[in-house]
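Chemist: Position 89 of the sequence shown, counting from 1, maps to 91 under our numbering, and the rest follow consecutively.
Could you have a look at this structure, given as structure tokens, before my questions?
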Amino acid sequence: MDSFHLEYFGSLGREGITTLGERGFKVEDDDPVTSITDIVLTHRHPDHIGGLKSILAVFSAKGLQLPKVYKWRHPLETQANGENVDWDQLLINDAWPISTRATALTWLEDGHQIPLQQGSGSSGTTLSIVHTPGHTEDSISLLIEETRELFTADTILGQGTSVFADLSAYFGGGADMASLQKVLELRPTVLYGGHGPHVGDQRSSVAKIEEYINHRNERERQILAVLEERTSFTPREIVEVLYAGLGIGVYIAAEKPVVAHLKKLENDGKVARTADGKWRLL
Ligand SMILES: [Zn+2]
């Protein structure tokens, strides 16, 4: 399990904020690992928490106090509080596991602020937590208040398009402001996605977020156009119109995002499911 990569792992310590890179750590490793004071988990996917165990193992082996670990609470994480997390089970349990190992998990809230340290003093820099659900329900982004740089994890990637568990939360239609609109309003000066290169200035960052929104709008428009053609469609039938001729591999990959769009449109009151499992316009 230690071979899980650590693709995006913001940490705060003597050096301020550090992305620890795509590797786990061994006990022989010293700095910068042991200078970490706080670890913020951006969401529960294994490629974003997989290295945690190996880092904590370094602290344990050296007899050092464990860093503080923060996370947004996913609905599956049903503990009354974040204490006593079993890090051995962390990578294999679906739900956030329970045990007696001594470290505390601090549940994050929207707007939670973490001051960055420099040496033993304050660096005058503050990280703010922005809840950005959609990719997963527990996805957060991290804003450096003073510079407006934004760490987006898998909510917005350096390249390609993100996947999502809940498109209403991600893109619109829910009760709260959707995550893409939320990050757009932040007008970030730099975007650090969880995968791929960063986006290095405000104009490009805003353009990147707008590209995500436009992409979703366009796909939604296309799905509604297909549904206009006859009484009802299965998701697969919609896919086969949208991606005509691209083959079974594309159809299978495209079906889940189309279903996510249909559920979002259902929340919006624009489509409904039929008794035979198809979808129709309202
Ligand atoms: Zn992810």
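Note that beta-carbon positions come from the ideal geometry of N, C-alpha and C, so glycine has one too.
Between the stretch 187 to 207 and the stretch 227 to 240, do at least 3 Cβ pairs fall closer than 8 Å?
Modeler: The stretch 187 to 207, when compared against the stretch 227 to 240, does not touch it at the 8 Å Cβ threshold.
Chemist: Could you check whether the stretch 167 to 176 touches the stretch 61 to 73, counting it as contact only if at least three pairs of C-beta atoms, one from each stretch, sit closer than 8 Å?
Modeler: No, because fewer than three Cβ pairs between the stretch 167 to 176 and the stretch 61 to 73 fall closer than 8 Å, the two stretches do not touch.
Chemist: State the DSSP-derived secondary structure class of P237, mapped to helix, strand or coil.
Modeler: Note: P237 maps to helix in three-state DSSP.
Chemist: Taking the beta carbon of G1 as the centre, do at least 16 other beta carbons fall within 10 Å, making it buried, or is it exposed?
Modeler: Here the chain has residues from 3 to 284 only, and residue 1 is not among them.
Chemist: When DSSP labels each residue in this structure, what does L264 get in the three-state scheme?
Modeler: L264: helix per DSSP, three-state reduction.
Chemist: Give me the residue from V42, L188, I250, P237 with the minimum Cα distance to A262.
Modeler: Closest by alpha carbon: P237.
Chemist: Report, in whole angstroms, the separation of the C-beta atoms of H47 and T138, which I expect to be a contact under 8 Å.
Modeler: Contact flag correct, Cβ pair sits at about 7 Å.
Chemist: Please say whether I215 and I225 have beta carbons closer to each other than 9 Å?
Modeler: Cβ atoms of I225 and I215: not closer than 9 Å.
Chemist: Smallest Cα separation from T284: which of K272, A277, T276?
Modeler: According to the sequence provided, residue 284 is Leu. The question's Thr does not apply to it. For L284, the nearest C-alpha among the options comes from K272.
Chemist: If you reduce the DSSP assignment to three classes, tell me which class A277 lands in.
Modeler: Three-state result, A277: coil.
Chemist: Have a look at A277 and E268 and give me their C-alpha separation to the nearest angstrom.
Modeler: Spanning the two alpha carbons is a distance of roughly 15 Å.
Chemist: Closer than 5 Å between the C-beta and any heavy atom of ligand 1: which residues qualify, listed along the chain?
Modeler: Those residues, listed in chain order, are H47, D156.
Chemist: Put G251 into one of helix, strand or coil per three-state DSSP.
Modeler: Note: G251 maps to helix in three-state DSSP.
Chemist: Report the start-end ranges of each alpha helix (DSSP H) in the stretch 168 to 211 that is 4 residues or longer and not cut off at the edges.
Modeler: With a minimum length of 4 residues, the continuous alpha helix (DSSP H) runs that stay inside the stretch 168 to 211 are 169 to 173, 181 to 187.
Chemist: Kindly indicate which three-state DSSP category D49 falls into: helix, strand or coil?
Modeler: Helix, per DSSP.
Chemist: Mind listing, in chain order, the continuous beta strand (DSSP E) runs of no fewer than 3 residues lying wholly within the stretch 141 to 169?
Modeler: For the stretch 141 to 169, whole beta strand (DSSP E) runs of length 3 or above, ordered along the chain, are 142 to 146, 151 to 155.
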